[in-house]
Every structure is written in structure tokens, then in C-alpha cells.
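Participant: Sending over a structure as C-alpha cells; questions will come in a sec.
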Amino acid sequence: MTTQPKSLTTGQAAAFCSVSLRTVINWINRGLLAAHKLPGRGDHRIQPQDLVQFMRTNDMPVPQALLDGAQSETRVALVVDDDGAMARSISRVLRQAGFEVTAVHNGFEAGMALMRLRPQLMTLDLQMPGLSGFEVLAQMREQGLTETRVIVISGMDAGSRARAGEAGAAAVLAKPFDESELIACAKQLAV
Numbered sequence: 001m002t003t004q005p006k007s008l009t010t011g012q013a014a015a016f017c018s019v020s021l022r023t024v025i026n027w028i029n030r031g032l033l034a035a036h037k038l039p040g041r042g043d044h045r046i047q048p049q050d051l052v053q054f055m056r057t058n059d060m061p062v063p064q065a066l067l068d069g070a071q072s073e074t075r076v077a078l079v080v081d082d083d084g085a086m087a088r089s090i091s092r093v094l095r096q097a098g099f100e101v102t103a104v105h106n107g108f109e110a111g112m113a114l115m116r117l118r119p120q121l122m123t124l125d126l127q128m129p130g131l132s133g134f135e136v137l138a139q140m141r142e143q144g145l146t147e148t149r150v151i152v153i154s155g156m157d158a159g160s161r162a163r164a165g166e167a168g169a170a171a172v173l174a175k176p177f178d179e180s181e182l183i184a185c186a187k188q189l190a191v
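Residue numbers (the UniProt record's numbering): 1 to 191.
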């Protein structure tokens, strides 16, 4: 038995496109994005395949979860830390929390993995050789990678960790990190 793909709300479509709800409604009203109205309410619903077609037509990146027809039940996390033992520790904690985890060890690899995986969550060390965590955050901002929420986990001083929050990190934890705090943070951010 084949199940029909679940339709998307305008809010879900906005999240996939990294735009506001009003922008999606405007696209629908102008006939740019196919949608149907719910009887009696006037709320719009969008079929996943229609949103994929719209995004491709307009050269927008299409998240893998949308290509699969609905939001993915699997939460994907990217761990970025040049310390192999720390990366393994963070990966273990996130796997126990139900995430599918990929670990990379420098900022350059992080950029490549972000484009390939489109994870819901990324943990990021600030102090790495080559591309620093701050540079990764700046590149994410420049490229509009807003769907990935970032948790900085760093041994740098409190001032540097505060700057990471200002640079776009959704949460900042100090090393050594508390496992329960990381799990709570990850579950809250990767929705």
C-alpha cells in the first residue's frame, strides 16, 4: 500500500525555503506556487512535489527531506571538531539522542558537508586550523544556510563564546560539555 505524501502548511513551506510565511502566501496569491485552500478556513496547503518544482524552477536549494516527500523523521547532525576524541564523544551523545551523525574535522570539510547533508543541527568548535568556527559561521550567513541550527562547543574564553552567539550560533556550550545539556539543547533546536 502506498501512502500519499502529506501536504505542507505555508509555515512548513516557508521553513524549507528559508523565507517568511507572508512570502509564501504572496507566491501562492500571485500564482507562482501551486496550493489548495482548506474548506471553511482559507488556509493553504502545498503538495511536496509542487514545492520541489517551484524551488527548482527558481534555482533554490531543495532539502533532501522535501525530496523524500515530507519532513524527514530522521534528525541529521554534523559534528565539526578538529579533536578526534571530542568529535567521537559529541557524536556518541547525539546518536544516543536519536540523531544520524556525521563528523568532520575542519572548517573546509564542514562547508562541504553542510551543502551535501543539509543537517538540522551542527556542533561547531571555534578554534580549528585552517577555517575557524567563526569563519564557518560567517560563510553560513553569507550562503543563507539558515535551516541548520548551530551549537558551538568550545574551550575558548567566555568572551569568544559570546561572540559566537552574536555571529549566529543558536547555543553555546563550554568544553568540557555536560551531556544532558547538549542533549536538551540539540532536541530543542532540531525540530
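Even glycine gets a Cβ: it sits at the ideal position worked out from N, Cα and C.
Can you give the beta carbon distance from F54 to L33, rounded, assuming they're within the 8 Å contact cut?
Facilitator: Position 54 of the sequence shown, counted from the first residue, corresponds to residue 54. Position 33 of the sequence shown, counted from the first residue, corresponds to residue 33. Rounded, the Cβ-Cβ distance is 5 Å, consistent with contact.
Participant: Have a look at L137 and G168 and give me their C-alpha separation to the nearest angstrom.
Facilitator: Residue mapping note: residue 137 aligns to position 137 of the sequence shown, counting from 1. Residue mapping note: residue 168 aligns to position 168 of the sequence shown, counting from 1. Each residue's alpha carbon lies about 6 Å from the other.
Participant: For P129, count neighbouring Cβ atoms within 10 angstroms of its own Cβ and tell me buried if that reaches 16, exposed if not.
Facilitator: Residue numbering aside, residue 129 sits at position 129 when the sequence shown is read from its first letter. Burial call: exposed.
Participant: Taking the alpha carbon of M115 as the reference point, which residue from V76, A97 and R45 has its own alpha carbon closest?
Facilitator: Here the question's residue 115 lines up with position 115 in the sequence shown. That would be V76, whose Cα lies nearest to the Cα of M115.
Participant: Counting only runs of 4+ residues fully inside the segment 72–133, write out the alpha helix (DSSP H) ranges in chain order.
Facilitator: The qualifying runs are 84–96 and 107–117.
Participant: Look at L131 and F108 and say whether their C-beta atoms are less than 8 Å apart.
Facilitator: Numbered from its first residue, the sequence shown carries residue 131 at position 131. Numbered from its first residue, the sequence shown carries residue 108 at position 108. Taking 8 Å as the Cβ cut-off, L131 and F108 qualify as a contacting pair.
Participant: If contacts are defined as beta-carbon pairs under 8 Å, then A174 and R161 qualify, I think. What distance do you get, rounded to the angstrom?
Facilitator: Position 174 of the sequence shown holds residue 174. Position 161 of the sequence shown holds residue 161. About 7 Å separates the two Cβ atoms, so the contact holds.
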